[in-house]
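S.K.: Take 2 as the starting number for the sequence shown in this note's numbering and just add one per residue.
Quick reminder that beta carbons are idealized off the backbone N, C-alpha and C, glycines included.
From a predicted model like this one, the values you see are computed outputs, not experimental measurements.
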Amino acid sequence: MNTQIKPQLIDRFKRRVSYVRLSVTDRCDFRCVYCMAEDMQFLPRKQILSLEEIARLAQAFVGLGVSKIRLTGGEPLVRRNILSLVENIAALDGLRELALTTNGSQLPKLAPQLKQAGLSRINISLDSLQPDRFRKITRTGDLANVLRGIDAAQAAGFKHTKINSVILNGRNEDEVLDLLEFCRKRQLDISFIEEMPLGLIDDHDRALTYCSSDAVRASIAQRYELTPSDDSTAGPSKYYTMPGSDIRVGFISPHSHNFCADCNRVRVTVEGRLLLCLGNEHSVDLKSILRAEECDQKLLQQAIIDAMQLKPEKHHFNLHDAPQILRFMSMTGG
2 MNTQIKPQLI
12 DRFKRRVSYV
22 RLSVTDRCDF
32 RCVYCMAEDM
42 QFLPRKQILS
52 LEEIARLAQA
62 FVGLGVSKIR
72 LTGGEPLVRR
82 NILSLVENIA
92 ALDGLRELAL
102 TTNGSQLPKL
112 APQLKQAGLS
122 RINISLDSLQ
132 PDRFRKITRT
142 GDLANVLRGI
152 DAAQAAGFKH
162 TKINSVILNG
172 RNEDEVLDLL
182 EFCRKRQLDI
192 SFIEEMPLGL
202 IDDHDRALTY
212 CSSDAVRASI
222 AQRYELTPSD
232 DSTAGPSKYY
242 TMPGSDIRVG
252 FISPHSHNFC
262 ADCNRVRVTV
272 EGRLLLCLGN
282 EHSVDLKSIL
292 RAEECDQKLL
302 QQAIIDAMQL
312 KPEKHHFNLH
322 DAPQILRFMS
332 MTGG
């Protein structure tokens with residue numbers, strides 16, 4: 002019996018790409034200070050991929066051995082008809098996990114429908130448990146509504162829901178233990194994240210607000226012993242466990258503990274740029290290929306295969322210089 006071997010995406014450094022982050026919108030109902038400017042200029046509709054084009058890309062990637070897809074933004078749940086996209090991608094044969102990163106604002110009404118549509122797992126951004134501080138960091142966010150969204154996700158039956166917390170010195174570094182206790186109590190995983198230096202911001206000096214993963218771990222060590230874990234969600238988090246709890250405590254450390262050697266990810270922006278690295282501009286325009294009259298799935302997949310040769314070995318973040326990458330995180334795709 003002949004068993005067809007599914008092709009794999011392999012870059013020049015022998016890293017296999019099995020995880021794709023698809024941005025479905027650059028828009029968001031929050032304006033988080035580390036993610037975007039307060040007065041953002043969003044892309045016109047004609048420049049962004051349609052839901053059908055995003056679904057077609059997902060099918061192409063899964064056909065090339067990708068087993069995990071994450072939908073990102075902006076805020077993906079503000080995209081009209083997002084549930085139909087979730088349903089179409091979740092049904093792809095060979096996809097092991099379809100995840101989503103959200104600010105939680107739309108979950109009170111959408112969590113049950115997302116579960117029914119086939120979404121596997123949710124990450125929810127939460128940087129403060131203090132309403133006034135939460136509003137200051139997000140500029141427009143309502144903490145109470147996000148907390149309702151977290152409850153809704155758990156009530157809908159999502160497992161291993163994870164909280165993502167960007168920790169900034171002088172902003173929320175004093176809440177590390179509070180955020181950890183919040184997650185312990187509710188059986189939520191958590192990842193503490195070093196700020197990504199993407200886009201020109203005027204809210205704060207990144208060199209001054211930088212808080213390393215080592216500093217966060219030291220804060221936690223005052224109360225709990227952390228033990229390294231072999232658990233992985235195929236992303237950049239390095240996980241630890243604590244006594245008396247089943248939750249996973251992760252650290253995403255693009256500055257202090259570069260994770261490039263194990264990178265298994267690429268991103269597609271909402272305007273169809275295949276980004277080979279979060280911290281570099283190496284990319285391929287998939288939108289023009291998608292919209293070409295002669296384009297078929299084979300041609301699209303070959304363009305993705307060829308793009309793997311552009312994936313750089315690593316990124317180079319420097320907090321003391323102007324950012325090399327001028328696109329905001331909201332434009333990059335979570």
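Tell me the residue span of the beta strand (DSSP E) that contains lysine 163.
M.R.: By one-based count along the sequence shown, residue 163 stands at place 162. Segment 163-167, the beta strand (DSSP E) holding lysine 163.
S.K.: Looking at C-alpha atoms only, which residue of Leu287, Val271, Glu182, Arg266 is the closest neighbour of cysteine 278?
M.R.: As a working note, residue 278 is residue 277 in the sequence shown. When only C-alpha atoms are compared, the closest one is Arg266.
S.K.: Do serine 106 and glycine 142 have their C-beta atoms closer together than 8 Å?
M.R.: Your numbering for residue 106 matches position 105 in the sequence shown. Your numbering for residue 142 matches position 141 in the sequence shown. It is a contact, given that the beta carbons lie within the stated cut-off.
S.K.: Flag this pair as touching only if the segment 64-80 and the segment 282-290 have three or more C-beta atom pairs under 8 Å; answer yes or no.
M.R.: no
S.K.: Report the partner residues of asparagine 124 according to the DSSP bridge assignment.
M.R.: Indexing the sequence shown from 1 puts residue 124 at position 123. Looking at the DSSP assignment, asparagine 124 forms a beta bridge with Thr102, Lys163.
S.K.: Would you grab the beta carbon distance between alanine 154 and alanine 112 for me? Rounded to a whole angstrom, and I think it's under 8 Å.
M.R.: Counted from its first residue, the sequence shown places residue 154 at position 153. Counted from its first residue, the sequence shown places residue 112 at position 111. Right, their Cβ atoms sit about 5 Å apart.
S.K.: Which class does phenylalanine 62 belong to by DSSP, given the choice of helix, strand or coil?
M.R.: One-based indexing of the sequence shown puts residue 62 at position 61. Helix, per DSSP.
S.K.: Checking the sheet assignment: what are the DSSP bridge partners for arginine 266?
M.R.: Your numbering for residue 266 matches position 265 in the sequence shown. Beta-bridge pairing links arginine 266 to Tyr20.
S.K.: Across the segment 54-64 and the segment 26-34, are there enough close Cβ pairs to call them in contact, namely three or more that are closer than 8 Å?
M.R.: They do not touch, by the three-pair rule.
S.K.: For glutamate 294, count neighbouring C-beta atoms within 10 Å of its own C-beta (all shown protein chains included) and say buried if the count is 16 or more, exposed if not.
M.R.: Here residue 294 refers to the residue found at position 293 when the sequence shown is read from its first residue. Its Cβ having fewer than 16 others within 10 Å, glutamate 294 is exposed.
S.K.: By a C-beta neighbour count over all protein chains shown, 10 Å radius and 16 as the cutoff for buried, is glutamine 60 buried or exposed?
M.R.: Numbered from 1 along the sequence shown, position 59 holds the residue referred to as residue 60. Buried, by the Cβ-count rule.
S.K.: Compute the Euclidean distance between the alpha carbons of leucine 84 and alanine 118, then round it to the nearest angstrom.
M.R.: Your numbering for residue 84 matches position 83 in the sequence shown. Your numbering for residue 118 matches position 117 in the sequence shown. So the two alpha carbons sit approximately 7 Å from each other.
S.K.: With a 10 Å radius around its C-beta and 16 neighbouring C-beta atoms as the bar for buried, classify proline 132 as buried or exposed.
M.R.: Within the sequence shown, the letter at position 131 stands for residue 132. So proline 132 ends up on the exposed side.
S.K.: Below 8 Å on the Cβ atoms is my contact criterion, and I expect leucine 115 with valine 87 to pass it. Report the Cβ-Cβ distance as a whole number of Å.
M.R.: Along the sequence shown, one-based indexing puts residue 115 at 114. Along the sequence shown, one-based indexing puts residue 87 at 86. About 6 Å separates the two Cβ atoms, so the contact holds.
S.K.: Do leucine 50 and glutamate 273 have their beta-carbon atoms positioned less than 8 Å apart in this structure?
M.R.: Mapped onto the sequence shown, residue 273 falls at position 272. Mapped onto the sequence shown, residue 50 falls at position 49. Checking the displayed sequence, the identity of residue 273 turns out to be glycine instead of glutamate. Yes, these two residues count as a Cβ contact at 8 Å.
S.K.: Should glutamate 314 go down as buried or exposed, given a rule of 16 or more other Cβ atoms within 10 Å for buried?
M.R.: The residue given as residue 314 occupies position 313 in the sequence shown. That one is exposed.
S.K.: So isoleucine 253 and isoleucine 194 are in contact, right, with Cβ under 8 Å, and what is the actual spacing, rounded?
M.R.: By 1-based counting over the sequence shown, the position of residue 253 is 252. By 1-based counting over the sequence shown, the position of residue 194 is 193. Sure, about 4 Å apart at Cβ, within 8 Å.
S.K.: Which of the three DSSP states, helix, strand or coil, is assigned to threonine 139?
M.R.: On the sequence shown, position 138 is the one that residue 139 refers to. Note: threonine 139 maps to helix in three-state DSSP.
S.K.: Assuming isoleucine 194 is part of the alpha helix (DSSP H), what are its boundary residues?
M.R.: Against the sequence shown, residue 194 aligns to sequence position 193. Where isoleucine 194 is concerned, there is no enclosing alpha helix (DSSP H), although the beta strand (DSSP E) it sits in stretches over 190-194.
S.K.: Going by DSSP in three states, glycine 150 sits in which element: helix, strand or coil?
M.R.: Counted from its first residue, the sequence shown places residue 150 at position 149. Note: glycine 150 maps to helix in three-state DSSP.
S.K.: Going by C-alpha distance, which of Phe159, Cys33, Gly66, Glu176 is nearest arginine 218?
M.R.: As a first step, residue 218 is located in the sequence shown; it is residue number 217 there, counting from the start. Of the listed residues, the one whose Cα sits closest to arginine 218 is Glu176.
S.K.: With aspartate 232 and arginine 249 assumed to form a contact (beta carbons below 8 Å), what rounded beta-carbon distance in angstroms separates them?
M.R.: Here residue 232 corresponds to residue number 231 of the sequence shown, with the count starting at 1. Here residue 249 corresponds to residue number 248 of the sequence shown, with the count starting at 1. Right, their Cβ atoms sit about 6 Å apart.
S.K.: With H, G and I counted as helix, E and B as strand and the rest as coil, what does DSSP make of lysine 299?
M.R.: The residue you call residue 299 lines up with position 298 of the sequence shown. Secondary structure of lysine 299 (DSSP, three-state): helix.
S.K.: Hey, leucine 10 and isoleucine 290 are a contact pair by Cβ (cut 8 Å); roughly how many whole angstroms apart?
M.R.: As a first step, residue 10 must be located in the sequence shown, where it is residue number 9. As a first step, residue 290 must be located in the sequence shown, where it is residue number 289. No, leucine 10 and isoleucine 290 are not in contact; Cβ-Cβ is about 16 Å, not under 8 Å.
S.K.: With DSSP as the reference, label lysine 312 as helix, strand or coil.
M.R.: In the sequence shown, the residue the question calls residue 312 occupies position 311. Three-state result, lysine 312: coil.
S.K.: Any idea if arginine 268 is buried or exposed, counting beta-carbon neighbours within 10 angstroms, 16 or more meaning buried?
M.R.: Numbered from 1 along the sequence shown, position 267 holds the residue referred to as residue 268. Counting Cβ neighbours within 10 Å, arginine 268 comes out buried, since at least 16 surround it.
S.K.: Note down the Cα distance separating alanine 157 from isoleucine 123, rounded to an integer number of angstroms.
M.R.: As a position in the sequence shown, residue 157 is number 156, starting the count at 1. As a position in the sequence shown, residue 123 is number 122, starting the count at 1. Each residue's Cα considered, the two are about 11 Å apart.
S.K.: Helix, strand or coil for threonine 210? Go by DSSP, reduced to three states.
M.R.: Taking the first residue of the sequence shown as 1, we reach residue 210 at position 209. In the structure shown, threonine 210 falls within a helical segment according to DSSP collapsed to helix, strand and coil.
S.K.: Decide if proline 237 is buried, meaning its Cβ has at least 16 other Cβ atoms within 10 Å, or exposed.
M.R.: For this step, residue 237 is matched to residue 236 along the sequence shown. Burial call: buried.
S.K.: Just to confirm my understanding: we take arginine 140, look at its own chain, exclude 5 residues before and 5 after, and list those with CB closer than 8 Å. What are they?
M.R.: The residue labelled residue 140 in the question sits at position 139 within the sequence shown. Excluding sequence neighbours, arginine 140 sits near Phe31, Arg32, Cys33, Val34, Glu39.
S.K.: Looking at the strands, I want to know which residues DSSP matches up with valine 250.
M.R.: As a position in the sequence shown, residue 250 is number 249, starting the count at 1. Partner(s): Ile191, Tyr241.
S.K.: Straight-line CA distance for threonine 242 to glycine 150?
M.R.: Counted from its first residue, the sequence shown places residue 242 at position 241. Counted from its first residue, the sequence shown places residue 150 at position 149. If I take the Cα positions, the gap works out to 25 Å.
S.K.: Taking 8 Å as the cut-off, decide whether the C-beta atoms of serine 220 and leucine 169 are in contact.
M.R.: The sequence position of residue 220 within the sequence shown is 219, counting from 1. The sequence position of residue 169 within the sequence shown is 168, counting from 1. Cβ atoms of serine 220 and leucine 169: not closer than 8 Å.
S.K.: Per DSSP, what kind of secondary structure is lysine 110 in: helix, strand or coil?
M.R.: What you label residue 110 is simply residue 109 of the sequence shown in a count that begins at 1. Three-state result, lysine 110: helix.
S.K.: To the nearest angstrom, how far is the alpha carbon of glycine 245 from that of glycine 66?
M.R.: Residue numbering aside, residue 245 sits at position 244 when the sequence shown is read from its first letter. Residue numbering aside, residue 66 sits at position 65 when the sequence shown is read from its first letter. Near 38 Å, if we compare the C-alpha coordinates of glycine 66 and glycine 245.
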